[in-house]
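Student: Line by line, the protein sequences are chains A and B.
The opening residue of the first sequence carries number 34 in my numbering; numbering runs sequentially from there.
The opening residue of the second sequence carries number 18 in my numbering; numbering runs sequentially from there.
Just so it is clear, CB atoms sit at the ideal spot from N, CA and C, and this is done for glycine as well.
Just dropping this structure here.
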Amino acid sequence: MATRVLLVEDDERIRQALGLALADEGYEVVETATGEEALDVVDPDLDVVLLDLMLPGIDGIEVCSTLRSRGDLPIIIATARSDTADVISGLEAGADDYVTKPLVAGELAARIRALLRRRRPDTTGAASANPVVQVGDLEIHPTREVVERDGAALHLTHTEFRLLLELASARGDVVTREQLLQRVWGYDYFGDTRLLDVHIRRLRRKIEHDPDEPALVLTVRGSGYRAGGA
Amino acid sequence: MRARAARRLRSLSLRARVAAAFGLVTLAVAALLSFTTWQLASNYMLAQRERGATDQAVIDARLVSDNLARGSPDLPALLVGLTGEPQTGVVLRVGDRWTSVGQVDVNALPGDLLRAAGLGTPARQRLVVHGAPVLAVAVPVAPGGGFFVELAPLTELDRTLRFLSATLVAGTTAAAALGTLLGWWTTRRALRPVSDLTEAAARMAEGDLGARLPVPPENDLAPLAARFNATAEALEQRVQRDARFASDVSHELRSPLTTMINAGEVLRRRRDELPATARRAVDLLTADVARFHRMVEDLLEISRGIQAPATSDLEPVDLGVVVENLPADLVGTAAVVVERPAPLVLADRRRLDRVLANLCQNARVYAGGVTRIAVCRRQGHAVLEVDDNGPGIPAEFRDQIFERFARGPRPGRGEDSGGTGLGLALVAQHVHGHGGRVWAEDRAEGGARFVVELPEVTR
Chain A
34 MATRVLLVED
44 DERIRQALGL
54 ALADEGYEVV
64 ETATGEEALD
74 VVDPDLDVVL
84 LDLMLPGIDG
94 IEVCSTLRSR
104 GDLPIIIATA
114 RSDTADVISG
124 LEAGADDYVT
134 KPLVAGELAA
144 RIRALLRRRR
154 PDTTGAASAN
164 PVVQVGDLEI
174 HPTREVVERD
184 GAALHLTHTE
194 FRLLLELASA
204 RGDVVTREQL
214 LQRVWGYDYF
224 GDTRLLDVHI
234 RRLRRKIEHD
244 PDEPALVLTV
254 RGSGYRAGGA
Chain B
18 MRARAARRLR
28 SLSLRARVAA
38 AFGLVTLAVA
48 ALLSFTTWQL
58 ASNYMLAQRE
68 RGATDQAVID
78 ARLVSDNLAR
88 GSPDLPALLV
98 GLTGEPQTGV
108 VLRVGDRWTS
118 VGQVDVNALP
128 GDLLRAAGLG
138 TPARQRLVVH
148 GAPVLAVAVP
158 VAPGGGFFVE
168 LAPLTELDRT
178 LRFLSATLVA
188 GTTAAAALGT
198 LLGWWTTRRA
208 LRPVSDLTEA
218 AARMAEGDLG
228 ARLPVPPEND
238 LAPLAARFNA
248 TAEALEQRVQ
258 RDARFASDVS
268 HELRSPLTTM
278 INAGEVLRRR
288 RDELPATARR
298 AVDLLTADVA
308 RFHRMVEDLL
318 EISRGIQAPA
328 TSDLEPVDLG
338 VVVENLPADL
348 VGTAAVVVER
358 PAPLVLADRR
368 RLDRVLANLC
378 QNARVYAGGV
388 TRIAVCRRQG
398 HAVLEVDDNG
408 PGIPAEFRDQ
418 IFERFARGPR
428 PGRGEDSGGT
438 GLGLALVAQH
448 VHGHGGRVWA
458 EDRAEGGARF
468 VVELPEVTR
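Structure follows, in structure tokens:
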């Protein structure tokens with residue numbers, strides 16, 4: 034079955050051209066021009082949402098957080114620039130990845146493939162070798178993709194879960210940002226660590242007792258992160 | 018750094034000149050005063066001493082004369098009594114008979130003096146006897162050419178005069194030194210606004226448009242500082258307006274560009290279904306749309322990069338990590354050499370990556386690819402080196418290549434490469450934005466080396 038992409042873009046011609054190119058890449062594209070429309074047409078059969086942040090009416094950030102509150106549907110946001118607050122707020126609102134305009138169908142397809150690939154449970158490497166990984170008071174079950182604290186499950190997105198698992202599997206060794214980007218996002222994120230930093234922040238908010246004084250996910254100045262409390 | 022040192026040297030030489038002038042004037046005035054003092058004091062003291070010695074000699078001569086007139090036999094005792102102090106002595110000539118007492122040698126006395134005294138004229142003369150200065154006073158004592166010579170020591174006076182001259186020379190030297198110091202200090206104070214201005218103008222020339230001068234409240238240079246600031250303000254605003262315009266234009270261009278790129282992608286995928294002519298047209302179209310894309314991206318980046326990176330984007334970055342994570346298609350077969358521990362810089366990682374990527378791309382387009390990428394330290398700075406084996410860059414182009422749309426020494430070649438003409442300009446802009454420098458140099462082995470120098474931060 035073809036991957037179903039919801040394309041939310043208000044510029045008529047861009048939407049048509051992008052829709053055409055994505056369809057040509059083999060995707061089934063659902064096109065909408067506004068955020069309201071997008072929230073109406075979202076259904077469980079969708080695989081990924083491609084969301085322009087600059088929308089008339091409800092803006093992209095709001096659409097993003099509404100979609101995230103409803104579930105784990107992968108979201109890629111499209112921003113004007115890679116160095117604006119837009120990127121940060123979009124990622125904070127729950128987006129899994131971002132692309133900068135002008136959007137190129139080929140590049141977009143690569144991102145979508147990587148995003149969908151990491152949603153499949155990891156049956157190789159770290160996961161199968163360690164039935165349960167412990168970080169501080171957290172219990173990570175790689176095969177079930179569940180994180181528990183005192184028997185209660187914490188709700189993490191797929192991306193956050195994979196990030197935590199990579200850090201935990203290194204057992205306190207430093208994992209560089211590049212390694213994390215490569216292993217979790219799955220393709221070359223040359224020069225962009227913003228994506229990682231925001232996800233780390235999101236992860237800390239969910240698992241740390243005090244996100245301002247992290248004890249489980251520690252920053253290593255100048256190189257990367259490592260798991261603490263081991 | 019080198020330029021700053023040169024500027025300092027120039028202002029230093031002016032300061033040195035002014036200080037030297039101060040020193041010379043003080044020296045001249047002090048020397049004149051000292052010389053006058055010396056003349057007056059030494060003449061006065063010498064005159065005093067001479068008068069004293071002469072008076073004494075005259076009195077003594079009268080005693081001797083009385084004694085001679087009486088024909089008293091205790092003349093030798095009297096003469097001995099007259100030579101009390103060391104370095105004194107008397108000589109008496111009566112008729113052809115010479116009598117001398119004390120440290121005096123008749124033959125050592127000057128002939129002129131003796132002749133004058135022999136003719137009945139009192140005379141005096143300064144001479145050196147046994148290494149000590151003395152004053153010889155000759156007084157006639159008896160008719161028929163008899164005379165009496167008394168030597169009075171001048172050692173005490175000589176010592177006083179020596180001390181006086183030493184004091185005057187030392188005082189003059191000290192005054193000249195103080196004058197020089199005063200000149201140095203005064204010019205430093207006076208020239209500080211000028212060197213501030215030079216510094217600010219230079220920073221501006223290096224691209225820091227925010228450089229401003231403090232305007233002193235009461236100062237002859239206040240109008241200059243105010244005018245400089247106003248000019249700088251106007252320039253900054255104008256540059257920002259231009260940058261904003263370029264940014265707006267690029268932004269607007271991106272919407273149609275997106276449509277073109279994606280429509281082009283569809284055509285490219287279906288290239289094989291097209292007739293030959295259409296296929297060539299599609300190739301030309303998509304290649305140039307791609308170049309257009311890169312150009313718009315570079316223009317956007319360059320126009321928004323006029324300001325230095327926001328502090329929120331700055332973080333400690335390990336240069337070793339940066340070069341080791343360059344995408345393989347950029348590095349190719351180049352050797353990556355990293356000095357351990359690798360230096361850390363405070364940087365926006367994205368811009369730093371861009372700098373390296375552009376340098377690598379530049380090497381690929383103009384020199385057949387990068388041969389070596391190195392991270393090291395030079396004089397407290399973190400340094401990145403990107404080497405190639407190309408033809409090198411002629412010295413006269415080494416500054417020019419960092420300008421926008423510069424095409425290098427061989428125009429035309431870059432056109433085929435799909436380069437945007439903005440790559441090295443972006444490199445320079447990003448490096449300057451991080452407080453660093455970038456330049457190109459020749460390698461001894463041939464080829465060019467691009468050097469990026471950034472301030473190192475501690476781990």
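Please tell me whether A36 of chain B has its Cβ less than 8 angstroms away from any Cβ of chain A.
Tutor: Taking the second sequence and counting its residues from 1, one reaches residue 36 of chain B at position 19. For A36 of chain B, the answer is no, since every Cβ of chain A falls outside 8 angstroms of its Cβ.
Student: Using a Cβ-Cβ distance under 8 angstroms, would A280 of chain B count as near chain A?
Tutor: Locating residue 280 of chain B in the second sequence gives position 263, counting from the first residue. By this cut-off, A280 of chain B is an interface position.
Student: Is the Cβ-Cβ distance between L86 of chain A and G123 of chain A less than 8 angstroms?
Tutor: Residue 86 of chain A sits at position 53 when you count from the first residue of the first sequence. Residue 123 of chain A sits at position 90 when you count from the first residue of the first sequence. Cβ distance < 8 angstroms, so L86 of chain A and G123 of chain A count as in contact.
Student: Can you give the beta carbon distance from A260 of chain A to V168 of chain A, rounded, assuming they're within the 8 angstroms contact cut?
Tutor: As a position in the first sequence, residue 260 of chain A is number 227, starting the count at 1. As a position in the first sequence, residue 168 of chain A is number 135, starting the count at 1. At roughly 5 angstroms, the Cβ-Cβ gap stays under 8 angstroms, so A260 of chain A and V168 of chain A are in contact.
Student: Which ranges would you report for the alpha helix (DSSP H) in the stretch 318-396 of chain B if only whole runs of at least 4 residues count?
Tutor: 336-341, 345-348 and 366-384
Student: Note down the Cα distance separating E70 of chain A from K134 of chain A, rounded to an integer number of angstroms.
Tutor: One-based indexing of the first sequence puts residue 70 of chain A at position 37. One-based indexing of the first sequence puts residue 134 of chain A at position 101. If I take the Cα positions, the gap works out to 22 angstroms.
Student: Is the stretch 400-411 of chain B in contact with the stretch 267-285 of chain B, if contact means three or more CB pairs nearer than 8 angstroms?
Tutor: no
Student: Under a CB-based cut-off of 8 angstroms, is H268 of chain B close to chain A?
Tutor: What you label residue 268 of chain B is simply residue 251 of the second sequence in a count that begins at 1. Yes - at least one Cβ of chain A is within 8 angstroms of the one on H268 of chain B.
Student: Check the Cβ-Cβ distances between A263 of chain A and every residue of chain B, and say whether any is below 8 angstroms.
Tutor: The residue you call residue 263 of chain A lines up with position 230 of the first sequence. Because A263 of chain A carries a pLDDT of 48, less than 50, the predicted location of this residue cannot be relied on, and no value is offered for it.
Student: Determine the direct distance from the alpha carbon of I319 of chain B to that of D416 of chain B, and round the result to whole angstroms.
Tutor: Counted from its first residue, the second sequence places residue 416 of chain B at position 399. Counted from its first residue, the second sequence places residue 319 of chain B at position 302. Answer to the nearest angstrom: the Cα atoms are 18 angstroms apart.
Student: Is the Cβ-Cβ distance between P233 of chain B and A242 of chain B less than 8 angstroms?
Tutor: Start at 1 with the first residue of the second sequence, and residue 233 of chain B comes out as number 216. Start at 1 with the first residue of the second sequence, and residue 242 of chain B comes out as number 225. In this structure, A242 of chain B lies closer than 8 angstroms to P233 of chain B by Cβ.
Student: Can you pull out the residues from the stretch 339-353 of chain B whose beta carbon lies closer than 7 angstroms to at least one beta carbon of chain A?
Tutor: N342 and P344
Student: To the nearest whole angstrom, what separates the beta carbons of L226 of chain B and E269 of chain B, a pair I think is in contact under 8 angstroms?
Tutor: What you label residue 226 of chain B is simply residue 209 of the second sequence in a count that begins at 1. What you label residue 269 of chain B is simply residue 252 of the second sequence in a count that begins at 1. Approximately 25 angstroms separates the beta-carbon atoms of L226 of chain B and E269 of chain B; this is outside 8 angstroms, ruling out the contact.
Student: Among B:D122, B:P157 and B:A133, which residue has its Cα nearest to the Cα of H147 of chain B?
Tutor: The residue you call residue 147 of chain B lines up with position 130 of the second sequence. It is B:D122 whose Cα lies nearest to the Cα of H147 of chain B.
Student: For A155 of chain B, does the three-state DSSP call read helix, strand or coil?
Tutor: Looking up residue 155 of chain B in the second sequence gives position 138. Here A155 of chain B sits in strand by DSSP.
Student: Looking at F39 of chain B and G135 of chain B, is the spacing between their C-beta atoms short of 8 angstroms?
Tutor: By one-based count along the second sequence, residue 135 of chain B stands at place 118. By one-based count along the second sequence, residue 39 of chain B stands at place 22. Cβ atoms of G135 of chain B and F39 of chain B: not closer than 8 angstroms.
Student: Below 8 angstroms between beta carbons: does that hold for V154 of chain B and A64 of chain B?
Tutor: Residue 154 of chain B sits at position 137 when you count from the first residue of the second sequence. Residue 64 of chain B sits at position 47 when you count from the first residue of the second sequence. Not a contact, by the Cβ cut-off of 8 angstroms.
Student: Just mark F422 of chain B as buried or exposed, buried being the case when its beta carbon has 16 or more other beta carbons within 10 Å.
Tutor: Mapped onto the second sequence, residue 422 of chain B falls at position 405. Under this definition F422 of chain B is an exposed residue.
Student: In the structure shown, what three-state DSSP assignment does F13 of chain B receive?
Tutor: Because chain B is modelled from 18 through 476, residue 13 of chain B falls outside the range shown and cannot be assessed.
Student: List, in chain order, every chain A residue whose beta-carbon is nearer than 9 angstroms to that of L361 of chain B.
Tutor: Locating residue 361 of chain B in the second sequence gives position 344, where the first residue counts as 1. Residues of chain A passing the Cβ test: R254 and G255.
Student: Please list, in chain order, the residues of the stretch 282-315 of chain B that have any C-beta partner in chain A closer than 7 angstroms.
Tutor: E282, V283, R286 and H310
Student: Look up D129 of chain A in the DSSP assignment and say whether it is helix, strand or coil.
Tutor: Stepping through the first sequence from its first residue, residue 129 of chain A is reached at position 96. Reduced to three states, the DSSP call for D129 of chain A is coil.
Student: What three-state label does DSSP hand P428 of chain B in the structure shown?
Tutor: Translated into positions along the second sequence, residue 428 of chain B becomes position 411. In this prediction, P428 of chain B has a pLDDT of 47, which is less than 50 and means its spatial position is unreliable; nothing more can be read from the coordinates.
Student: Are the C-beta atoms of P333 of chain B and some chain A residue less than 8 angstroms apart?
Tutor: Stepping through the second sequence from its first residue, residue 333 of chain B is reached at position 316. Output row for P333 of chain B: interface = yes.
Student: Between the alpha carbons of L51 of chain A and R229 of chain B, how many angstroms are there, rounded?
Tutor: Residue 51 of chain A sits at position 18 when you count from the first residue of the first sequence. Residue 229 of chain B sits at position 212 when you count from the first residue of the second sequence. Distance between the alpha carbons of L51 of chain A and R229 of chain B: 48 angstroms.
Student: Going by DSSP in three states, E140 of chain A sits in which element: helix, strand or coil?
Tutor: As a first step, residue 140 of chain A must be located in the first sequence, where it is residue number 107. Residue state, collapsed to three classes: helix.
Student: Taking L109 of chain B and T116 of chain B to be in contact with their CB atoms under 8 angstroms, please state how far apart those CB atoms are, rounded to whole angstroms.
Tutor: The residue labelled residue 109 of chain B in the question sits at position 92 within the second sequence. The residue labelled residue 116 of chain B in the question sits at position 99 within the second sequence. Sure, about 4 angstroms apart at Cβ, within 8 angstroms.
Student: Can you list, in chain order, the residues of its chain whose CB lies under 6 angstroms from that of R430 of chain B, leaving out five sequence neighbours each side?
Tutor: Against the second sequence, residue 430 of chain B aligns to sequence position 413. Residue placement at R430 of chain B is poorly supported in this model, since its pLDDT is 46, which falls under 50; the coordinates still yield a value, given next. So the list is empty, once near-sequence residues are dropped.
Student: When the Cα atoms are used, what is the spatial distance from E432 of chain B to S329 of chain B?
Tutor: On the second sequence, position 415 is the one that residue 432 of chain B refers to. On the second sequence, position 312 is the one that residue 329 of chain B refers to. Any reading at E432 of chain B must be qualified, since the residue scores a pLDDT of 46, below 50, and its modelled position is unreliable; the value itself is stated next. So the alpha carbons of these two residues sit roughly 38 angstroms apart.
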